[in-house]
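K.L.:
Protein chains in written order, with the working numbering: chain G, 3 to 293; chain C, 2 to 270; chain A, 138 to 406.
This is the structure:
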């Protein structure tokens, strides 16, 4: 039944070679009886940025958290490369988690630690307990942290406490922390939900470009359809825990959006879809303001 | 004033709520009166009536204070400080693991470990440090050690209770973020939980130290060392002018410790 | 390595609390010297402690197999005194605290009244319950009446202070609005202040009830009635099974009071 829904829109990836993540019939039912995910299957090749869209409560957040097992899936299988994540526990699970970087909605930085400590916490899965306790990280980790901070544009802020930074800066630290893990896969749970429109686009562009540079695949759970269209290579639409769309951003039509979100006037989305860069978006907004 | 049947009449509260309230107050008053009569059954009112005369008598004996006695109080004062500080230290060191075992989000087992930790907290909290001291003097003999252990035992429950509440109030998303890097449980505690509870921890510890200074001044009444020992001997010899000096020393200590604790708490928060 | 290493730098975690290294070392050194002095001033008679271990073990056994029956008459009398003292002193404390609390609120009281009420609060809060009990027993004679007065006195300082703070935290817009209707002082208190602080006052009273019960089990040690006297006697006679029974009853009552008061507080708010 699921195949029937998806097949007309299934997106063929000739350009992507190697599969990094594979989900097989993933389902999640919470103890309360809520069915968050039903039979979700798809695979993500190296370097692909996937935008995961859908209404609130569609199971986007549960899906992201099932992949690194912050939420336990009820059934189904998850493969990261050759490793079956769903079989792991204890130490092996922690070693698999360090291969998956994660970016959070409210940044989820440890507010009272310095920026540097937050970035270095990305190495926790690699270093021993006493090294992390004494903050004596290997030199390569520290060098990498410095260069990542420079890459995200926060080179001078390393000894500031995380709660001294603005929202956009905090999310940059969050990205640096995820990249410090040298991940094979990046997960992002609503990375722009707490940011203003301009900062949101900057953050999305940063994620997109680091993914390009490192040939890093990403799954970005995002409620803003326009942002998803602009920065993702592929869109997956979730509705009540099921995949109802899987295809290129250009295939997101009125019908598809209605299937995902329910009936609404999608005119505005289409209009924005055409404007591919920030300037155009902001001049649109100005036009709207004047009229 | 006439009202038509369909316009509701405004009332302060509905009559049922009103009734319930009055019944509640009535029972409270009745119970208080009953307790009062029960409590004062054996009270000898002649003594009570005599109280003002007794008060002025004691007041007369208390003044002027025997300042010379101050010289004998430095050693007990030092002991009192040590009882409070070392006792707080012991209490805090034991309270930390108890708090982590009691907090719903860090306990290894909600069904088995958590109730035990909560029982430890309740036992320690319900029993006043003076009673702990009474017990310990009987068990390990009079002296500073009994006082220190008494203060420590009483502090465990207080510190652990406030600390585990602080642990339960932390921002879970930070924990989730650190866990998602592949950190072990010890690293999660080190990086995600400790930074969040550290200010609360210092605040609670200093607050308890302040309370312990007050409590350790009287532990000597049951033989556990410190100023209370001097108080006990002055009271038993009816040397009220020495009692005044002791009271003033206690008051000064309490004021200073309160000032220090307020200062430190402001610095860490 | 994901990105090119542009520079090779070292990093050390900046100090968390004290930025100045001199201060850090002074405080570290000072506290270690203090600790050594304090610990060395504790004289421990290890032989006595060793002897005490056996007694401690007997106490734990007594606690685990409490004997409620052989001293039941004493325990019952002590408990009735404690419970009646607790309730009557809390009620009396609340009755006296309300006017003092209002008088100590800066936004309602004129300056002289404010100073007077703050003075009363400071005096009441500065002294330990035990010290007050000693004085009051000397004036009013042994028994629960002195205990009642002690707890009432202590409740006044506690409740008035917190009540005054609550009144000062009141939404001033509501007070202004009522004042703007031309209401007098009593009407302002009744319409603008009372609705805002009433739930908190009930919560505080219940909290104080809890504290008063705990204290009522202690002040008996200095002769002010209650179950503390029973406990003291039991420990003096080395009747650890009876002492264990008293302690278990105290813990149980504290638990009941705590749970029911948190239940009532939730129901009121």
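Just so it is clear, CB atoms sit at the ideal spot from N, CA and C, and this is done for glycine as well.
Can you give me, in chain order, the residues of the segment 149-165 of chain A that have a beta carbon less than 8 Å from any beta carbon in chain G?
P.N.:
149, 150 and 151
K.L.:
Under 8 Å between C-beta atoms, does residue 104 of chain G make it to chain C?
P.N.:
yes
K.L.:
Report buried or exposed for residue 35 of chain C, applying the criterion of at least 16 other Cβ atoms within 10 angstroms of its Cβ.
P.N.:
exposed
K.L.:
Are the CB atoms of residue 188 of chain G and residue 150 of chain G nearer to each other than 8 Å?
P.N.:
no
K.L.:
Report the three-state DSSP secondary structure of residue 163 of chain G (helix, strand or coil).
P.N.:
strand
K.L.:
Taking the runs of the beta strand (DSSP E) that are 3 residues or longer, which of them lie wholly in the segment 167-192 of chain G?
P.N.:
187-191
K.L.:
So, does the CB of residue 140 of chain A fall closer than 8 Å to a CB anywhere in chain G?
P.N.:
Reliability of the predicted coordinates at residue 140 of chain A is poor, the pLDDT of 44 falling under 50, and the value obtained from them is presented with this limitation in mind. At least one chain G Cβ lies under 8 Å of residue 140 of chain A.
K.L.:
For residue 229 of chain G, which residues from the same chain have a beta carbon less than 6 Å from its beta carbon, with the 5 sequence-adjacent residues on both sides left out?
P.N.:
206
K.L.:
Is residue 1 of chain C helix, strand or coil when you go by DSSP?
P.N.:
In this structure chain C extends from 2 to 270, so residue 1 of chain C is not present and cannot be described.
K.L.:
Roughly how many angstroms lie between the CA atoms of residue 95 of chain G and residue 175 of chain C, to the nearest whole one?
P.N.:
19 Å
K.L.:
Using a Cβ-Cβ distance cut-off of 8 Å, determine whether residue 174 of chain G contacts chain A.
P.N.:
no
K.L.:
At a CB-CB cut-off below 7 Å, which residues of chain A make contact with residue 61 of chain C?
P.N.:
Those do not exist, as residue 61 of chain C stays about 13 Å from chain A at its closest Cβ, beyond 7 Å.
K.L.:
With distance defined between alpha-carbon atoms, name the residue in G:227, G:192, G:232 and G:225 nearest to residue 210 of chain G.
P.N.:
G:232
K.L.:
Taking Cβ positions only, does residue 262 of chain A come closer than 8 Å to chain G?
P.N.:
no
K.L.:
Counting only runs that start and end within the segment 287-320 of chain A, where is the alpha helix (DSSP H) found for 4 or more residues in a row?
P.N.:
309-317
K.L.:
Mapping the DSSP letters down to three states, classify residue 249 of chain G as helix, strand or coil.
P.N.:
Note: residue 249 of chain G maps to strand in three-state DSSP.
K.L.:
Could you give the DSSP three-state label for residue 102 of chain G: helix, strand or coil?
P.N.:
DSSP places residue 102 of chain G in strand when its eight states are reduced to three.
K.L.:
For residue 55 of chain C, decide whether its Cβ has a neighbour in chain A, counting only Cβ atoms nearer than 8 Å.
P.N.:
yes
K.L.:
Rounded to a whole number of angstroms, what is the C-alpha to C-alpha distance between residue 2 of chain G and residue 252 of chain G?
P.N.:
This structure does not reach residue 2 of chain G, given that chain G is present from 3 up to 293, and the question cannot be answered.
K.L.:
Does residue 119 of chain G come within less than 8 Å of chain A when only Cβ atoms are used?
P.N.:
yes
K.L.:
Only counting the same chain, and skipping five residues up and downstream in sequence, which positions put a Cβ closer than 6 Å to that of residue 271 of chain A?
P.N.:
Once the five neighbours on either side are set aside, the close Cβ partners of residue 271 of chain A are 359.
K.L.:
When you compare only the Cα positions, how much space is there between residue 153 of chain G and residue 199 of chain C?
P.N.:
In this structure, the CA atom of residue 153 of chain G is about 32 Å from the CA atom of residue 199 of chain C.
K.L.:
Residue 22 of chain G lies in the alpha helix (DSSP H); which residues open and close that run?
P.N.:
Where residue 22 of chain G is concerned, there is no enclosing alpha helix (DSSP H), although the beta strand (DSSP E) it sits in stretches over 21-31.
K.L.:
Which same chain residues, not among the five before or five after residue 211 of chain C, have their C-beta less than 8 Å away from its C-beta?
P.N.:
258, 259, 261 and 262
K.L.:
Return the Cβ separation of residue 104 of chain G and residue 181 of chain C in integer angstroms, given the expectation that the two are a contact with Cβ distance under 8 Å.
P.N.:
4 Å
K.L.:
Measuring CB atoms only, is the segment 114-127 of chain C touching the segment 160-167 of chain C, in the sense that at least three cross pairs come out at less than 8 Å?
P.N.:
yes
K.L.:
With a threshold of 8 Å between beta carbons, is residue 337 of chain A in contact with chain G?
P.N.:
no
K.L.:
Using the three-state DSSP reduction, which class does residue 39 of chain G fall into: helix, strand or coil?
P.N.:
strand
K.L.:
My understanding is that residue 80 of chain G touches residue 25 of chain G, with C-beta atoms under 8 Å, so please give their C-beta distance in whole angstroms.
P.N.:
Right, their Cβ atoms sit about 6 Å apart.
K.L.:
From the DSSP output, in three-state form, read off residue 52 of chain G for me.
P.N.:
strand
K.L.:
When you compare the CB of residue 137 of chain G with every CB in chain A, is at least one pair closer than 8 Å?
P.N.:
yes
K.L.:
Are the beta-carbon atoms of residue 142 of chain C and residue 337 of chain A separated by less than 8 Å?
P.N.:
No, these two residues do not count as a Cβ contact at 8 Å.
K.L.:
Return the residues of the segment 117-145 of chain C that lie within a Cβ-Cβ distance of less than 8 Å from chain A, sorted by chain order.
P.N.:
123, 124, 126, 127, 128, 129, 131, 132, 135, 136, 139, 140, 141, 142, 144 and 145
K.L.:
Compare the C-beta of residue 110 of chain G against all C-beta atoms of chain C and say whether one is closer than 8 Å.
P.N.:
yes
K.L.:
Can you tell which of C:118, C:146, C:19 and C:126 has its C-alpha closest to the C-alpha of residue 83 of chain C?
P.N.:
Of the listed residues, the one whose Cα sits closest to residue 83 of chain C is C:146.
K.L.:
When the Cα atoms are used, what is the spatial distance from residue 61 of chain G to residue 240 of chain A?
P.N.:
57 Å
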